[in-house]
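Just add 432 to wherever you are in the sequence shown, counting from 1, and you've got the numbering used here.
Glycine residues also receive a C-beta, built at the ideal position from the N, C-alpha and C atoms.
Computed from a predicted model, the values in this text were never measured in an experiment.
Shown next, in structure tokens, is the structure this report addresses.
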Amino acid sequence: MEQLKAMKALLLSFPQWGEQALAVDAYPQPEGCALFPLGLQVLSRREDVQGNTRLRLRQSFLLRRVCYGTREAAAWLLSFQQWLLNQPTEALEAVFGSHLQLWAELGKQVSSKQPGIGIYEVKIHAQYEKE
Numbered sequence: 433m434e435q436l437k438a439m440k441a442l443l444l445s446f447p448q449w450g451e452q453a454l455a456v457d458a459y460p461q462p463e464g465c466a467l468f469p470l471g472l473q474v475l476s477r478r479e480d481v482q483g484n485t486r487l488r489l490r491q492s493f494l495l496r497r498v499c500y501g502t503r504e505a506a507a508w509l510l511s512f513q514q515w516l517l518n519q520p521t522e523a524l525e526a527v528f529g530s531h532l533q534l535w536a537e538l539g540k541q542v543s544s545k546q547p548g549i550g551i552y553e554v555k556i557h558a559q560y561e562k563e
């Protein structure tokens, strides 16, 4: 849960976030956003001669944004992905682990049954090491 809170705080610091609420693990209201955990993947496991284990992990999240109109939302999504790549990670390493890398990918518009409402999703990854 601490990782979700840290990720939420980071996302809300995006300069173009605006006044939208960010729900955690709950579907967003119109003109809102939601952050969902997608799981943890072990990328590598190394053990030294003393039996100490070092793991390379990837924690993934899904950010869903619901908004009216699609042009603004598409530009927002592209800006967000670029912004996340350039964020310093030192403060988040205490929550995730060392050698933290953040990125967002596979941003896309998903279908909406209501005309004029755009739903956008992007996967966010935090890759790090833990002992």
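According to the Cβ coordinates, are residue i and residue j closer than 8 Å?
i	j	result
L436	L443	no
I556	L495	yes
M433	F493	no
L538	T521	no
F468	D457	yes
A505	G550	yes
R524	L532	A small correction: the amino acid at residue 524 is Leu; Arg does not occupy that position in the sequence shown. Yes.
Determine the DSSP secondary structure at residue i, reduced to helix, strand or coil.
i	result
F512	helix
A536	strand
Q435	helix
E563	coil
A466	strand
L455	One point to set straight first is that residue 455 is Ala, not Leu, in the sequence displayed. Note: A455 maps to strand in three-state DSSP.
Give me the residue from the options with the minimum Cα distance to residue i.
i	options	result
N518	A536, L495 and V498	A536
G529	A441, R490, C465 and Q448	R490
P447	W508, Q473, Q546 and A526	W508
A558	V527, G548, K545 and G539	V527
E553	A523, E479, V542 and S511	V542
F512	R497, L524, E522 and A523	R497
K562	T485, E451 and I549	T485
Q546	G450, C499, R477 and R488	C499
L475	G464, S544, Q482 and L487	L487
Tell me, which residues are paired with residue i by DSSP?
i	result
H557	S492 and W535
V542	I551
G471	S492
S476	R488
S530	E561
Within 10 angstroms of its Cβ, does residue i collect 16 or more other Cβ (buried), or is it exposed?
i	result
A466	buried
Y560	buried
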